[in-house]
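The structure under discussion appears below in the form of structure tokens.
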Amino acid sequence: MLLKKGEVVTVVSGIFESYSREGPFVATQDFDLDTFVAKAVSAVTEAWEVTGVLWEVPRMLVVQGFLAELPCRRIHLGALGDVELTEGKKDL
């Protein structure tokens with residue numbers, strides 16, 4: 039999957055309790071996300087370690103200069119049938 043410089047993306051992985059959504063980010067250069075993720079995942083030896091690596095990919099992309107985080111408001115509407123509007127900021 040090729041990302042082009044200037045594209046705005048969010049990065050999502052997992053399901054249920056291991057669901058992670060990070061971003062928004064802007065790509066600072068053209069790059070191949072498949073290659074980046076394949077290299078990161080190749081460092082693990084156990085299947086259960088993959089989830090942890092995938093959670094780290096957004097931070098790694100920012101640290102290595104492929105993505106820059108865009109400022110935004112994070113608003114949570116609620117969960118499990120309860121409406122509870124909250125706002126927060128998640129740091130990478």
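Per my numbering, the sequence shown starts with residue 39, numbered consecutively. Glycine residues also receive a C-beta, built at the ideal position from the N, C-alpha and C atoms.
| Item | Value |
| --- | --- |
| In chain order, which alpha helix (DSSP H) runs of at least 4 residues are fully inside the region 59-130? | 71-79, 88-101 |
| From T73 to Y57, what distance separates their C-alpha atoms? | 22 Å |
| Buried or exposed: which applies to V79, given that a residue is buried once 16 or more other Cβ atoms fall within 10 Å of its Cβ? | exposed |
| Quick test of your reading: V82 and V75, contact by CB under 8 Å. State the CB separation rounded to the nearest angstrom. | Not really, about 12 Å apart at Cβ, beyond 8 Å. |
| Going by DSSP, what residue range makes up the beta strand (DSSP E) through S56? | First-last for S56: undefined, no H or E at that position. |
| I'd like to check one pair, V49 with P96: are the Cβ atoms closer than 8 Å? | yes |
| Among T124, D70, E94, whose alpha-carbon lies nearest the alpha-carbon of L41? | D70 |
| Our contact map puts S51 next to W93 with C-beta atoms below 8 Å; I'd like the distance itself, whole angstroms only. | 7 Å |
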